[in-house]
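Undergrad: Provided herewith is a single structure, encoded as structure tokens, for subsequent inquiry.
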Ligand code: HEC
Ligand code: HEC
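Numbering (the working numbering), first residue to last: 1 to 216.
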């Protein structure tokens, strides 16, 4: 029997949707569901993965939605991914930290083989975040860089400002603001006495000063 590429992609998409439905069911039944639901924010969809038809993307869709929302490879820089994947795979094999919680969740959780794990790491590293080089942006350690520095390194390394143009950054920052609310981190819209004031306008202004110039 022969399948067209479109049919195969459809089968893969249905399989991914199955994994996600299965994970939703697991969270709904677990007393720890609300905690698991907040580990990573929603909104990053399987179709948004880079090289969506590659083996690496398939493996992420298969293994990395079993306990939380889909991770974006661009969330972390390359060096960070191997230890994160080690931690996750240990859990999938039932020997991670958070033992009891994970054991209760483990029914039906699948772990990748060693070879699949290497392919996952290679894929995540290939599409990883490019970190900010502090030598290039000394302002990050000055008062003008402080709101950006404090707000934007809570979940991952500081991103290279050259990733986006000054026009593009505010949309990304608005998304991060939603993530902060979702993941329960410090958000800077309402200043709380005694907490650092992380004003979104100051963060956008810092990024705009160092952003990539738009193509002429
Ligand atoms: C068996 C359940 C389980 C599976 C499957 C799983 N994770 Fe996780 N993941 C967790 C738990 C629990 C946490 C929160 C605690 C922590 O960060 O270790 C987490 C947190 C995360 C975080 C946020 C913390 C950080 O360091 O940024 C990322 C990113 C992540 N996982 C990526 C992945 C990737 C990539 C995969 C697939 C290779 C995966 N996870 C598969 C349970 C799992
Ligand atoms: C509460 C955790 C959290 C905080 C704080 C945070 N981020 Fe993120 N960031 C994420 C997550 C989760 C992703 C992956 C999902 C996504 O791309 O939306 C991500 C991905 C990114 C990416 C790569 C995604 C892309 O499409 O290019 C950039 C750039 C980024 N963040 C910039 C920032 C900036 C700038 C700040 C400070 C305003 C910030 N982040 C603060 C959680 C956070």
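Using N, Cα and C, we set each Cβ at its ideal position, and we do this for glycine too.
What do you reckon, is the C-beta of residue 60 under 8 Å from a heavy atom of ligand 2?
TA: False, no ligand heavy atom lies under 8 Å from that Cβ.
Undergrad: Considering only residues of the same chain and omitting the five flanking positions on each side of residue 42, which have a CB-CB separation below 7 Å?
TA: Hits under 7 Å: 69.
Undergrad: Between the region 120-135 and the region 147-160, do three or more beta carbon pairs fall short of 8 Å?
TA: Output reads yes: the region 147-160 touches the region 120-135.
Undergrad: Would you mind listing the alpha helix (DSSP H) stretches within the region 15-61 that are 4+ residues and don't spill past its ends, in chain order?
TA: Entirely contained in the region 15-61, the alpha helix (DSSP H) runs reaching 4 residues are, in chain order, 33-37.
Undergrad: For residue 77, which of 94, 126, 25 and 50 has the nearest alpha-carbon?
TA: Cα-wise, what sits closest to residue 77 is 126.
Undergrad: Given that a residue counts as buried once 16 or more other Cβ atoms are within 10 Å of its Cβ, and exposed if not, what is residue 141?
TA: Its Cβ having fewer than 16 others within 10 Å, residue 141 is exposed.
Undergrad: What does the Cβ neighbour count give for residue 91, buried or exposed, with the cut at 16 atoms within 10 Å?
TA: Buried, since its Cβ has 16 or more Cβ neighbours within 10 Å.
Undergrad: Residue range of the alpha helix (DSSP H) that residue 158 falls in?
TA: No alpha helix (DSSP H) contains residue 158, which DSSP labels as neither H nor E.
Undergrad: Write down every uninterrupted run of the alpha helix (DSSP H) in the region 108-158 whose length is 4 residues or greater and which is fully enclosed by it, in chain order.
TA: Here the runs fully enclosed are 114-126 and 146-152.
Undergrad: DSSP three-state label for residue 179, please.
TA: Helix at residue 179.
Undergrad: So what's residue 68 in DSSP terms, helix, strand or just coil?
TA: Three-state result, residue 68: coil.
Undergrad: Tell me where the alpha helix (DSSP H) around residue 92 begins and ends.
TA: 81-92 is the extent of the alpha helix (DSSP H) around residue 92.
Undergrad: In this structure, does DSSP put residue 212 in helix, strand or coil?
TA: Looking at residue 212 - three-state DSSP - the assignment turns out to be strand.
Undergrad: Please name the residue in 208, 165 and 203 whose C-alpha comes closest to that of residue 177.
TA: Out of 208, 165 and 203, 203 has the C-alpha closest to the C-alpha of residue 177.
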